[in-house]
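Take a look at the structure below.
Residue numbers (full-length UniProt numbering): 1 to 286.
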């Protein structure tokens, strides 16, 4: 049985995720008290159960009950029940904006006089330990609801040949590292199309920029060595049963070099190794 415990920051996309998982065949329950998780897993993990894909959401809406999550996880392990923890996260500023846009109340805001900012800060502290135990951290900061839906479908439908999901992310260092990156490669050492007037307005998805980046021998050598390293690493990560590998490719602004290199790496992985998912985090930033 596939058994997922979905948790994370309020407003980070857990409700959207559980709807998507339900659409692709998971039996889902939202807002489960942590103390009930072992009993629930036992029922659906039994030999007579016809349900083989289960996802439950548990989070700080359980208030004082939430710390019992660690006792429940330990009980699952002692009972020999396998599970994975999916943790949904986003930056504080994005979470605040989402609450402003939806005009919904944060589940912990009342204890802080209605302050969403203080509620988020407190919640992040509560969830720090469970985030560290998560098998997969999904940072939804730059995802629209539709993009998050597509990401989850890629993870749980298209990428099922083995147990590891491979994500390739391009980004700009000026906007910070991707929170869920496992491997980070800096391509700021490569020639920069930004300083070519005709190329500056375009991105690494467009042929003139892509061709310019790869017109240099050092770029082609960089990609060859990168692909060799990734081809070496992936089987070892799979052997260790790592559920997700996020490979981040960064340049200064995240629009030119990192996009071109990420696209080439994504194509290489899909052609030669395994299905991968690509996301150009900062491509639409100025």
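Built from N, CA and C at the ideal position, the CB exists for glycine as well. Remember, predicted model here, so these are calculated numbers, not experimental data.
- Residue 116 and residue 279 have their C-alpha atoms spaced approximately 29 Å apart.
- Taking a C-beta distance under 9 Å as the contact criterion, residue 119 and residue 107 qualify as a contact pair.
- The alpha-carbon of residue 233 is positioned some 19 Å away from that of residue 170.
- In the displayed model, residue 225 falls within a helix according to three-state DSSP.
- Rounded to the nearest angstrom, the gap between the Cα atoms of residue 286 and residue 92 is 22 Å.
- Three or more Cβ pairs drawn from the region 243-254 and the region 177-185 lie within less than 8 Å of each other, which places the two stretches in contact.
- Secondary structure note for residue 248: its beta strand (DSSP E) is the uninterrupted segment 244-251.
- Contact fails between the region 205-225 and the region 132-141, because fewer than three Cβ pairs, one in each stretch, are under 8 Å apart.
- Taking the CA atoms as reference points, residue 275 sits about 30 Å from residue 58.
- Scanning its chain for C-beta atoms nearer than 6 Å, with the 5 sequence neighbours on each side dropped, one finds around residue 204 the residues 210, 256, 259, 260, in chain order.
- The C-beta of residue 229 has fewer than 16 other C-beta atoms within 10 Å across all chains shown, which makes the residue exposed.
- For residue 276, the enclosing beta strand (DSSP E) stretches over residues 276-280.
- Burial check for residue 14: the Cβ neighbour count within 10 Å reaches 16 or more, so the residue is buried.
- Rounded to the nearest angstrom, the gap between the Cα atoms of residue 23 and residue 154 is 13 Å.
- DSSP places residue 54 within a strand segment (E or B) once states are collapsed to three.
- Assigned with DSSP and collapsed to three states, residue 125 falls in helix.
- Residue 147 carries a helical assignment under DSSP once its states are collapsed to helix, strand and coil.
- Distance from the CA atom of residue 61 to the CA atom of residue 32, rounded to whole angstroms, is 9 Å.
- Residue 214 sits in coil when the DSSP states are folded into three classes, being neither helix nor strand.
- By the Cβ-count criterion, residue 156 is buried, with 16 or more other Cβ atoms from all chains shown falling within 10 Å of its own Cβ.
- Look at residue 182 here: in three-state DSSP terms it is coil, with no helix or strand label.
- Taken atom to atom, the span from the alpha-carbon of residue 284 to that of residue 254 is near 9 Å.
- Going by DSSP, residue 20 is part of the alpha helix (DSSP H) stretching over 14-23.
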